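Residue numbers (this note's numbering): 205 to 696.
All residues carry an ideal CB built from backbone N, CA and C; glycine is no exception.
This one's a predicted model, so the numbers in the text were calculated from it and none came from an experiment.
Take a look at the structure below.
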Ligand code: AMP
Ligand code: ZN
């Protein structure tokens, strides 16, 4: 039997602001769409946090036995500078500055994105569509919205008529804003502006002569508005109404609000049953962002090459650090926080090793079945990974007590503990055990230290110490070789 039949998941729906029982449209199946990256520069760790939150959610849904179709797009056109209506396209700007084809920019940063996500052990989404691959679908939606009377064309561009939409629908329901307040808080448009009202947003923008990313349309050459791609791709692959739509908290308004408006205007019903928003990663208390420079790249963390870091941290430690916070809470990155996470991660991994070789007895001193259900209860309560991790550390404490002979465990319970811990740590949280690459990295560091100490001893004519280092390494199967280029080592 599928786990979801017994484990009742509740998730915070940003639309209602409440925790709701999760009931997919079609039993056993989940359709989930998450807004992907705009591929005009390297992903920073903040971007990774949002995608990691949804990777964990994807993993848990799968673990519960749901068949999940997870769509995460690539924004390769239409996202303008400062999310403004009249800014330059972010990708076109980068292409101009670096004298590249826009698709070279897209290719470069899509590869970077995949490479980083691989290092963090992400599962690939089921479909990863691109905005430029869905221009026809976007044009069809615009035609439909125009026909329904919720959009207007001006000078080769098409805008969504927010006031008209709000007469029969509720613009602002996701972000809790009222159109009247928005109007009261914005300045009047100047006479040259093509929009009827400042809240209106572009569905299609006319491409000026210098604009390189352009496609033909019934309204002339142009490019789609940013919000439209997600409506086109989510409905194409998941249907006009689907289960979960996710993204970072900062996308709630205007991006997701506009997605709701477009879909309701086009299809006459709400597109999404559960809206999920992941909270921000901050650094020095401020949102990590590309535009402000307050960010850190994952590669800098893996090598330790950043001023705020005292050392390198592995992708698994960073992932563990992220999972220690609830996905709806703000999380602040610092060297101290990473050091603490590394300690926790090492304790957890050590416990796995101890567990493998733990002797068994005729009784168990704690209720493993009840502990297992507590782990599920934590995840069923809106994917509460910090509580889950607290339960995992309860298990670590028990494992150490059993190893030290203070408690015992039966063979059956040991198997259950091992299986459950493995399921949650590796399958659900997506954390990896130390890899041989990391071990090799550590060995190289230790060997460099020992070779330096031996050289120091030799130059001080302290041959007792230098020989001791060489001989003891020899008994461990490590040979030192002195050559013209210095001392090297080989492992037997
Ligand atoms: P972008 O490539 O700018 O479209 O952003 C990709 C994703 O990263 C979006 O879902 C954003 O909400 C998310 N994001 C951007 N900055 C942060 C941050 N500091 N913390 C968490 N998520 C972020
Ligand atoms: Zn989107």
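Between residue i and the ligand AMP, is there a pair consisting of the residue's CB and a ligand heavy atom that are separated by less than 7 angstroms?
i	result
residue 454	yes
residue 550	no
residue 260	no
residue 496	no
residue 470	no
residue 492	yes
residue 434	no
residue 314	no
residue 484	yes
residue 279	yes
residue 691	no
residue 242	yes
Who are the Cβ neighbours of residue i in its own chain at under 6 angstroms, not counting the five residues just before and after it?
i	result
residue 419	339
residue 579	592, 595, 628
residue 512	539
residue 342	428, 432, 436
residue 206	269
Can you list, in chain order, the residues of its chain with a C-beta nearer than 8 angstroms to that of residue i? Leave out the 5 residues immediately preceding and following it.
i	result
residue 219	377, 378, 476, 478, 479
residue 499	248, 249, 250, 487, 492, 493
residue 490	496, 498
Any chance the CB of residue i is under 7 angstroms from a heavy atom of the ligand ZN?
i	result
residue 269	no
residue 338	no
residue 353	no
residue 252	no
residue 698	It is not possible to answer for residue 698, since the shown part of the chain is limited to 205 through 696.
residue 462	no
residue 451	yes
residue 239	yes
By how many angstroms is the C-alpha of residue j removed from the C-alpha of residue i?
i	j	result
residue 492	residue 257	16 angstroms
residue 227	residue 573	26 angstroms
residue 323	residue 502	9 angstroms
residue 568	residue 612	5 angstroms
residue 190	residue 514	This structure cannot settle anything about residue 190, because the visible part of the chain is limited to 205 through 696.
residue 682	residue 654	12 angstroms
residue 407	residue 372	20 angstroms
residue 357	residue 520	50 angstroms
residue 400	residue 392	10 angstroms
residue 449	residue 413	36 angstroms
residue 690	residue 320	35 angstroms
residue 485	residue 524	14 angstroms
residue 666	residue 657	11 angstroms
residue 518	residue 546	9 angstroms
residue 677	residue 624	39 angstroms
residue 361	residue 532	37 angstroms
For the beta strand (DSSP E) containing residue i, list its first residue and its last residue.
i	result
residue 276	271-276
residue 381	Run containing residue 381: none; DSSP gives neither H nor E here.
residue 456	Neither: residue 456 is in no beta strand (DSSP E) and is coded neither H nor E.
residue 531	Element bounds for residue 531: n/a, residue is neither H nor E.
residue 671	No beta strand (DSSP E) holds residue 671; the alpha helix (DSSP H) holding it covers 667-679.
residue 683	682-687
Report all residues from its chain with a CB closer than 7 angstroms to the CB of residue i; omit the five preceding and five following residues, and keep chain order.
i	result
residue 586	214, 215, 216, 223
Grab the span of the alpha helix (DSSP H) containing residue i for me, first residue to last.
i	result
residue 560	539-560
residue 309	306-323
residue 517	No alpha helix (DSSP H) contains residue 517, which DSSP labels as neither H nor E.
Any beta carbon from chain B within less than 8 angstroms of residue i's own beta carbon?
i	result
residue 383	No chain B is part of this structure, which consists of one protein chain only.
Segment contact flag, the stretch 230-248 with the stretch 439-447, C-beta cutoff 8 angstroms, min 3 pairs: yes
Cβ pair count under 8 angstroms reaching 3, the stretch 595-608 against the stretch 556-564: yes
Segment contact flag, the stretch 347-365 with the stretch 463-471, C-beta cutoff 8 angstroms, min 3 pairs: yes
At least three beta-carbon pairs within less than 8 angstroms, the stretch 422-441 to the stretch 454-468: yes
The stretch 449-459 in contact with the stretch 352-366 per 3-pair CB rule at 8 angstroms: no
At least 3 beta-carbon pairs within less than 8 angstroms: the stretch 313-321 vs the stretch 421-429: no
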